[in-house]
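First residue of the sequence shown? That's 131 in my numbering, and the numbers climb one at a time after it.
All C-beta atoms in this analysis are idealised placements derived from N, C-alpha and C, irrespective of residue type, glycine included.
Structure record follows, encoded as structure tokens.
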Amino acid sequence: MMAMRLPGLALALVGLAALWAPAARADDAAQIYDPSTVFFVDLALSPTAEAELEAEPDEYVAGSFELTASSDGTPAGEEPTPLVPQQPAEIRLKGSEGGSFRRLDEKPGFKLKFDDEEPVLGLHKMTLNNMVQDPSMVHETLAYAAFRANGIPAPRTGFAYVRLNGQDIGVYLDLENLDDIALTKIFGSFDKDAGQHLYEGEYGDDVVPGAVEAFEPDEGKENHREDLEALIEAVNGDGSAPWSQRVAPHADLLEMARFWAVEKYIDHWDGYSGHVEPSQVGLRPNNYYLYSDPAGVFQMLPWGTDQTWIPTLHVPGRAVTFDGSGGVLFNKCLEDDECFHLYWDGLNLVTHTMRSLDPVALAEDTAALLAPWQEEEREEGRPDPEADEAGEIEDGVEETLGFAAGRQAEAEEWLAENEPAGEGEEPSPEEKDSSGSAGNTPASIQASPSAGPALLLGRSSRSGRQLITRVEVGTPGRVRLRATFRAGGKRKLACSASRRVRVVGRLALRCRLSDAAMRRLARHALSLRLSIAVVGAGGKKRTVVHDVRLPKR
């Protein structure tokens, strides 16, 4: 039994296996999660079961499932002997109203469950996505490949041509379920008795106070959510340590920062870090999972990537920039100096990884694979009633190719404009002459050595979104900057930074101005209060507070 392999796609998959070793383990289901193949899936439902699904599409009904391979990768190459003979399966419809949900007589998405005692290829569940919101039918495979290529655990994908009661329906994405089976393959084990969870985040679910019960545990004990409670408290609490240090015991910020970098790169506006307009509050963030390891440390896993790889900058409510506003973890990360470094490094890694992955070639290979199956769907199946069949698939592929081809340069431009300074690095001549440098902080304040470590405060300026403050520190230790401004009768954080000082002397503290501060600067000058502290040997501390004024940008 042979399935067609596309050379370019296969080569890319070899690279992915090397980068994400846990997902490359041999297992019975690996053959159907190969995006260079298409299998036949036959579903059967009785008239009674069909009526039950029409009435309650979210409820599972009794049916059957059969899986057959194609010998040559085309609809004409169906093998005579099924790979998985017909066996019982529970079937329900999937998707959201106004989104990908379709009725049973259209092109519905399917969720399947198998008997725990008789799994199919080692699986208890299957997800068959109808791809009706992705005319190109390549977005999800490209997106999950991008996550895996950057070390982010993500579902595997394959393709299926689905028939229901012998009638053709069409081409589907066969998407691996993130359940206890997949988590065990990815991480080596999953133990709900040890307090581990997989929480699904959807439609505005975020790690904010009072939100513990809003998350649905897909895996793990329903009534024991101490891991999520601890994460929410750390993310939203106060303390003298920087935010990233307080959150680190509960969240793998290195993994999360890289996760957000991939989301931004692939334009996942409907994910966690996608832009949140006021009109979208309650709907974003969306489409992500929170996975806790045995120590209660969380990672993020992706989901719902069908509307990625398309330019959304001019679509109301969907503008995705490499910074912007997203979920609370992402927002607070960008306001924290050390976490912003992690995000910048993550995006820098993503830009390099994408060169090796080559999403343009991957999209072209996938489109070529699916073309005969899409033709079969047009002739025999149930094309989506909302689709404009004439050239829509071709247009969708071309749009995806265009976005993927140009995204590299966009990411590199943002990285160049927002590059964090190296520790102890002096500002460049260009920065000294940058916008907003004139007239800012004509101050030189010497802290008394007897009151604590010596600290000399120089001028402050702005370069883009970076506030640059020159200081001279007279002792090794750590120097911290916190800039605030007054709004609505309260002081709000504009930015913060922290640097370890190993060699005494002058250095430039850089911190990234918040969205609120930049909005204020767009209207008028911004008055900032800088609090700069240096902590030396033995915990001795000296703090200087000074006001600066940044001119309107």
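In the pairwise beta carbon analysis, the segment 617-629 is classified as touching the segment 644-651: at least three pairs are separated by under 8 Å. One Cα belongs to D245, the other to G193, and the distance between them is close to 12 Å.
At a Cβ-Cβ threshold of 8 Å, N280 and V392 count as neighbours. Shown here, H676 sits in a strand according to DSSP, grouped into three states. Listed in chain order, the non-local C-beta contacts of R621 below 6 Å within the same chain comprise T614, local neighbours out to five positions each way being set aside. L242 sits close to E220, with the two beta carbons spaced by under 8 Å. Membership of E363 in any beta strand (DSSP E) is not indicated; the residue belongs instead to the alpha helix (DSSP H) covering E356 to N366. An exposed status is given to S176, since fewer than 16 other beta-carbon atoms sit within 10 Å of its beta-carbon. Contact check for H405 against G454 passes: the beta carbons are separated by less than 8 Å.
Rounded to the nearest whole angstrom, the CA to CA distance from S403 to T435 is 13 Å. Annotation: A290 to V268 spans about 13 Å, alpha carbon to alpha carbon. Around the beta carbon of N353, a 10 Å sphere encloses fewer than 16 other beta carbons of the protein chains shown; the residue is thus reported as exposed. DSSP places I662 in the strand class (E or B) of the three-state scheme.
Membership of P489 in the alpha helix (DSSP H) is indicated by the continuous run P489 to E510. An exposed status is given to A617, since fewer than 16 other beta-carbon atoms sit within 10 Å of its beta-carbon. Annotated as distal: L313 and E270, with beta-carbon spacing of 8 Å or more.
Here Q504 is buried: its Cβ has 16 or more other Cβ atoms, across all protein chains shown, within 10 Å. Of the candidates G296, K322, P265 and A344, the residue whose Cα lies closest to the Cα of L500 is P265. Every unbroken stretch of the alpha helix (DSSP H) spanning 4 or more residues and falling wholly within the segment 309-335 is given here in chain order: 310-317.
For the options P379, A493 and S374, the alpha carbon positioned closest to that of D357 is the one of P379.
A distance below 8 Å between beta-carbons, with the five flanking residues on each side excluded, links E542 to the following residues of its chain, in chain order: T481. A distance of 8 Å or more separates the beta carbons of W433 and N548. Here the C-alpha atom of E209 lies approximately 57 Å from the C-alpha atom of R376. If you draw a 10 Å sphere on the C-beta of P372, you find 16 or more other C-beta atoms in it, and that means buried. According to DSSP, residue pairing for Q538 in a beta bridge does not occur. For the options P187, L303 and N295, the alpha carbon positioned closest to that of R286 is the one of L303.
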